[in-house]
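Here is the structure we will look at.
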Amino acid sequence: MQLPVCTVCKQQWTWKETWKSSLRMDTRIPCPRCQSSQFVTKKSRRRLMLLSWPLFLPILLPLTGLSLVYMVILWALLSLLYIVFYPYFVRLADEEEDHFTEPLKKQN
168 MQLPVCTVCK
178 QQWTWKETWK
188 SSLRMDTRIP
198 CPRCQSSQFV
208 TKKSRRRLML
218 LSWPLFLPIL
228 LPLTGLSLVY
238 MVILWALLSL
248 LYIVFYPYFV
258 RLADEEEDHF
268 TEPLKKQN
């Protein structure tokens, strides 16, 4: 596993820089070193979505009959794992990849 690398200056981002950039509302993320615009790749977004689904697992846990303490501990553990590993799944591109119209462009 590797932290994201800027596509322009080729410098690796730190864990903290990656998390800080993920809290932005804009899809354009400035590189902390060269300030060039970076974007999370479409493939990376899919991976991050798959990584986040276990966070919703505790919603179903009341159906299993586990005690509230175990449910809270499990949710906290899953959340901690997500926070720790999230930056390692981020990959960057220098252009924004459109999720909806790109498949249509490939057909034409």
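Per our numbering: the sequence shown = residues 168 to 275.
All residues carry an ideal CB built from backbone N, CA and C; glycine is no exception.
Predicted model, so just to flag it, every value in this text is computed and none were measured.
In terms of DSSP beta bridges, what is A260 paired with? Beta-bridge pairing links A260 to F206.
Starting from the Cα of L244, find the closest Cα among M192, L224, S203 and give me that residue. L224
Residue(s) in a DSSP beta bridge with Q179: V172
Collapsed DSSP secondary structure at P229 in the structure displayed: helix
For R258 and S211, what's the separation of their Cα atoms in angstroms? 6 Å
So who's on the other strand from I196, going by DSSP bridges? Q205
With the cut-off set at 8 Å, would you say W186 and Y253 are in Cβ contact? yes
Please confirm if the segment 187-200 is in contact with the segment 224-241, defined as three or more CB-CB distances below 8 Å between the two stretches. no
Nearest-angstrom Cα separation, counted from L218 out to S246: One alpha carbon belongs to S246, the other to L218, and they sit about 11 Å apart.
How should Q178 be labelled, buried or exposed, when 16 other C-beta atoms within 10 angstroms of its C-beta is the threshold for buried? Exposed, since its Cβ has fewer than 16 Cβ neighbours within 10 Å.
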